[in-house]
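Trainee:
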Amino acid sequence: MTGKGYYTVQAKAYCDKKVMEEWIENVWAPGIQGPSVLVLDSLKTHKMECVRTRLVANAHTSVVYVPPGVTGLDQPMDIAVRKAFKDRLRDIYVKFVIEKGTFSDAAEKR
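In this text, residue positions in the sequence shown follow UniProt numbering: the first is 1, and each later residue adds one.
1) Under the three-state reduction of DSSP, which class applies to Y7: helix, strand or coil?
2) So T45 and E22 are supposed to be a Cβ contact under 8 Å. How far apart are they, rounded?
3) Between which two residues does the beta strand (DSSP E) holding V39 run?
4) Output needed for M1: all residues of its chain with C-beta closer than 7 Å, excluding positions within five of it in sequence on either side, in chain order.
5) Near V64, what residues of its chain come up, given a Cβ to Cβ distance below 7 Å and the 5 sequence neighbours on each side ignored?
6) Would you kindly check if the distance between the Cβ of V70 and the Cβ of S62 is under 9 Å?
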């Protein structure tokens, strides 16, 4: 997919079966040249039989799962950067809501 992008949307903003299957078909599989291994965390969607089957059948990919609870241990950016950023953003948001009051409807949040 050199030079191309792909996106999909899920109403609740998380990775569900449809999003995962689209990712396999449109992002992962086109770039696979031979047998591959994909390391995934223990998200319920990642462990669905249909996802594993599609990875094996359509992308010649074996799946290895990171044990639950250890994803953060091997992702220093999550700990060192993203967590600090998200914590700071949350603090700013809480301060804003306290100072300005809460939003009265969804339109004001936009």
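For every residue, glycine included, the Cβ atom is placed at its ideal position computed from N, Cα and C.
Mentor: Based on what the coordinates show:
1) It is coil, neither helix nor strand.
2) Not a contact, Cβ separation roughly 12 Å.
3) Unbroken beta strand (DSSP E) run through V39: 36-40.
4) Annotation note: pLDDT 45 at M1 (below 50); position unreliable, coordinate value reported separately. Excluding residues within five positions, the ones whose Cβ falls inside 7 Å are V27, P30, G31.
5) Only V37, V39 meet the Cβ criterion.
6) No, the pair does not count as a contact, with Cβ atoms beyond the cut-off.
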